[in-house]
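Here is the structure we will look at, set down as structure tokens.
In structure tokens form, the structure reads like this:
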């Protein structure tokens with residue numbers, strides 16, 4: 004007879020709670036704060052999985068012209084981002100000495116290697132083929148990212164939404180090379196200005212996209228300050244330049260939605 008479903012078996016808690024294995028344990032007494040570091044980053048990856056799920060759904064709804072569901076889903080993404088940003092507060096309770104006590108055990112492991120976060124960037128239009136080589140030894144991650152690299156972005160779905168709504172989106176924008184990082188378009192900006200002035204429903208979609216874009220920039224900013232607070236100007240794990248590199252990533256995904264602010 005099959006066992007009754009329980010809270011623990013439904014969430015597979017035995018497996019989940021066995022996944023936190025501090026590497027400092029192998030060297031003797033485990034460092035107290037390494038467990039926090041692992042939990043926070045595993046939770047980040049779970050949220051990244053959910054963000055990809057929601058971004059894909061939002062793109063589907065935009066392509067179908069479902070304004071209400073698309074707007075609701077983009078609002079959920081923003082709410083998730085607020086939670087992701089709030090996790091930085093917890094990480095910042097760890098002092099530089101506490102982090103340095105186990106940092107050496109991380110070896111070359113780095114958040115730069117998060118395949119899911121790179122997939123989010125690809126889904127939002129920040130496409131860089133050079134990133135694929137960093138995942139050459141992880142067949143599954145490389146295949147997933149390669150597919151994302153070749154796939155249309157959320158912005159492409161938004162352009163089809165505009166076209167479906169009767170706006171004169173230039174054909175070359177609808178057929179653009181989706182492997183290219185999004186660049187400003189005067190033609191799209193002209194459409195957005197008209198949209199903001201006369202189409203409240205579509206304007207709401209634009210504002211939800213801006214909310215989300217701002218949320219990602221906020222998360223990146225908090226990440227930069229957390230790294231500066233924890234390791235200062237030291238190089239990051241994995242060989243990156245640490246906070247200096249992270250500061251260069253604080254830029255919008257959707258430049259047209261920001262450019263029109265000074266034109267309205």
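In this note's numbering, the protein residues as written are 4 to 267.
Think of the CB as a built atom: it goes at the ideal place given N, C-alpha and C, for glycine as much as any other residue.
Supposed contact pair residue j and residue i - C-beta distance, whole angstroms, cut 8 Å
| i | j | result |
| --- | --- | --- |
| residue 171 | residue 194 | 7 Å |
| residue 95 | residue 215 | In fact, because the Cβ distance is near 24 Å, the residues do not count as touching under 8 Å. |
| residue 93 | residue 43 | 6 Å |
| residue 130 | residue 183 | 6 Å |
| residue 80 | residue 39 | Actually they are not in contact, since the Cβ atoms of residue 80 and residue 39 sit about 26 Å apart, beyond 8 Å. |
| residue 205 | residue 198 | 5 Å |
For residue i, the three-state DSSP class (helix, strand or coil)
| i | result |
| --- | --- |
| residue 42 | helix |
| residue 253 | coil |
| residue 148 | helix |
| residue 202 | coil |
| residue 59 | helix |
| residue 52 | helix |
| residue 24 | coil |
| residue 15 | coil |
| residue 78 | helix |
| residue 228 | helix |
| residue 87 | helix |
| residue 163 | helix |
| residue 70 | helix |
Same chain, Cβ closer than 7 Å to residue i, five either side skipped, listed in chain order
| i | result |
| --- | --- |
| residue 167 | 68 |
| residue 158 | 128, 185, 257 |
| residue 73 | 61, 64, 65, 208 |
Selection from the options that minimises the alpha carbon distance to residue i
| i | options | result |
| --- | --- | --- |
| residue 48 | 130, 256, 122 | 122 |
| residue 221 | 87, 191, 202 | 87 |
| residue 143 | 160, 153, 158, 119 | 119 |
| residue 203 | 70, 60, 7 | 70 |
| residue 136 | 198, 99, 115 | 115 |
| residue 161 | 98, 54, 21, 210 | 210 |
| residue 45 | 21, 61, 235, 65 | 21 |
| residue 145 | 12, 134, 179 | 134 |
| residue 181 | 112, 15, 83, 149 | 149 |
| residue 155 | 124, 231, 235, 83 | 124 |
| residue 235 | 13, 99, 141, 29 | 99 |
| residue 117 | 153, 59, 174, 50 | 50 |
CB contact flag (residue i, residue j, <8 Å)
| i | j | result |
| --- | --- | --- |
| residue 101 | residue 76 | no |
| residue 128 | residue 256 | yes |
| residue 151 | residue 126 | yes |
| residue 32 | residue 25 | no |
| residue 85 | residue 218 | yes |
| residue 263 | residue 223 | no |
| residue 212 | residue 266 | no |
| residue 185 | residue 163 | no |
| residue 97 | residue 233 | yes |
Chain-order list of residues whose beta-carbon lies under 8 Å from that of residue i (same chain, five-residue window excluded)
| i | result |
| --- | --- |
| residue 226 | 91, 249 |
| residue 27 | 33, 34, 37, 104, 105, 108 |
| residue 12 | 6 |
| residue 141 | 118 |
Contacts around residue i, its chain only, beta-carbon distance under 6 Å, and the 5 residues preceding and following it disregarded
| i | result |
| --- | --- |
| residue 165 | 172 |
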